[in-house]
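Read through the structure below, which is laid out as structure tokens, and then see the notes.
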Amino acid sequence: MRPILATINHDALRHNLALAKRTAPQSKIMAVVKANAYGHGLLNVAPGLNATDGFAVLGINEAINLRQAGYQQTIKLLEGVFDISELSLAGEYSLSIVVHQQEQVEMLESIQLSRPVEVFLKMNTGMNRLGFTPRDYPVAAQKLDANKNVSNIVTMTHFATADEEVGINEALTLFDNTTQAINYPASVANSAALLRYPQSHRAWVRPGIMLYGATPVSGQPAQSFGLKPVMQFTSQVIAVQTLQVGQSVGYGQTFSAQKPTRVGIVACGYADGYPRHAPSGTPIAVNGQISRTLGRVSMDMLFADLSDIPQAGVGSTVELWGKQISVDTVAEASGTVGYELLCAVAPRVPFKVINHHG
Ligand SMILES: *Cc1c(COP(=O)(O)O)cnc(C)c1O
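If you're matching positions, the sequence shown starts at 324 in our numbering and goes up one per residue.
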């Protein structure tokens, strides 16, 4: 079998969730598992996050899958429902829904649900993506408060710059001023806000990326927050080439050997989710030793420098990212963030879950 594998570690998930709880001890945790749990597999990670108070997903199918798998926690739809039939299902499966625009308020006024639903009423505090403006927000809150299909309301916003130098002060002040007269619990913090701004913790926090052990703040290593990587993305060397001085490897011949160079051909390419943008020289671990990639990433293969790892050869283990090489390191070299790389692990990659607690 082709030796590529993504290993999901439940100990690391539990560790990161516990760290979120310790950091925001007064808050309930809404574990964000959208995008197939940031590429880790929804039902691969859900058992490792069983201690969470809630799950947040995007699609109603993900929400129903979780319910049908037996999860009793709050399950929230981050963009709410897209039509009336989804709203009925939200009632049936006791889902919580975001309401971010007038059309969704009207949907709730147009039917009778089998069971009332919890609503997270979203305010736009500067992202200008989803949410009511502070001007329209109080009226929407009034309408939902009077609606028999709504069991309870949580106020909510999402920060544009929780991971940036400027922080959240302006957005949070706007949110607090607008919700002052409305006495509902609130939910505002993503991972970056949870880790950086205790004043944002409120009733519910919404950590995503930190649960998977990658950093929410570019340039600040996940390890510095005490997070542990959940995914280890590995493969093996499947062939070895020896380049003479002046010879090159891979498409475009972008790397040429300045000295005789042993090259490991690794069974992982951009069709597996390794970024083609990763330049020659991106860190990679072979046989537990840190080395670097050489040349361009191909669809199914990439190249590792074995010059300083003479004992490495065909069958040697390669870590693309995980314990030795942070996904954030590969992301930074490739001009992106860990989020994107984790989400992009391809369907053809097999997954294995390890759970030491049984
Ligand atoms: C994705 C998302 C989160 C989680 O963000 P992280 O940066 O991964 O912690 C929280 N809230 C909302 C509304 C989101 O869309």
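For each residue, glycine too, the CB sits at the ideal point set by N, CA and C.
Asked	Found
DSSP state of threonine 565, grouped into three classes?	strand
Run through DSSP, which three-state label would serine 603 get?	coil
Checking 9 Å against the spacing of the C-beta atoms, do alanine 494 and alanine 512 come in under that value?	no
Please determine, among Leu444, Asn447, Tyr416, Asn470, the residue with the shortest C-alpha to C-alpha distance to glutamine 435.	Asn470
Is there at least one non-hydrogen atom of ligand 1 closer than 8 Å to the beta-carbon of valine 477?	no
On the CB-based measure, 16 or more other CB atoms within 10 Å of its CB, does glycine 681 come out buried or exposed?	Because glycine 681 carries a pLDDT of 48, less than 50, the predicted location of this residue cannot be relied on, and no value is offered for it.
From what residue to what residue does the alpha helix (DSSP H) around leucine 498 run?	The question names leucine, yet the displayed sequence has phenylalanine at residue 498. Residues 492 to 502.
Should serine 657 and threonine 577 be called a contact, given that it needs their Cβ atoms to be closer than 9 Å?	no
Take arginine 685 as the anchor and find which of Trp644, Tyr593, Gly596 has the nearest alpha-carbon.	Because the chain in this structure spans residues 324 to 681, residue 685 falls outside the shown range and cannot be described.
Taking buried to mean at least 16 other C-beta atoms within 10 Å of its own C-beta, is serine 408 buried or exposed?	exposed
For the region 539 to 552 against the region 566 to 583, are there 3 or more C-beta pairs whose distance is under 8 Å?	no
For the alpha helix (DSSP H) containing alanine 516, list its first residue and its last residue.	514 to 519
Taking 9 Å as the threshold (C-beta atoms), are leucine 400 and leucine 418 in contact?	yes
For the structure I just gave you, are there three or more beta carbon pairs, one from the region 522 to 533 and one from the region 349 to 358, closer than 8 Å?	yes
Residues in its own chain within less than 6 Å of valine 668 by CB, not counting five upstream and five downstream?	Ala329, Gly362, Gly596
Consult DSSP for leucine 707 and reduce its assignment to one of helix, strand or coil.	What is shown of the chain runs 324 to 681, which leaves residue 707 out entirely.
Whole-angstrom Cβ separation of threonine 478 and leucine 453, contact assumed at under 8 Å?	Not really, about 14 Å apart at Cβ, beyond 8 Å.
Which value, in whole angstroms, describes the spacing of the CA atoms of leucine 369 and aspartate 334?	In the sequence as displayed, the identity of residue 369 is alanine instead of leucine. Looking at the two C-alpha atoms, the distance is approximately 13 Å.
Throw me the rounded Cβ distance for the glycine 403 and glutamine 425 pair, which I believe falls under 8 Å.	Not a contact, Cβ separation roughly 12 Å.
Tell me the rounded alpha-carbon separation between valine 568 and arginine 585.	11 Å
Closest to tyrosine 507 by C-alpha separation, out of Tyr394, Gly661, Leu342, Ala464, would be which residue?	Ala464
List, from N- to C-terminal side, the alpha helix (DSSP H) runs of 4 residues or more that fit wholly inside the region 352 to 440.	357 to 361, 365 to 368, 383 to 391, 407 to 415, 425 to 433
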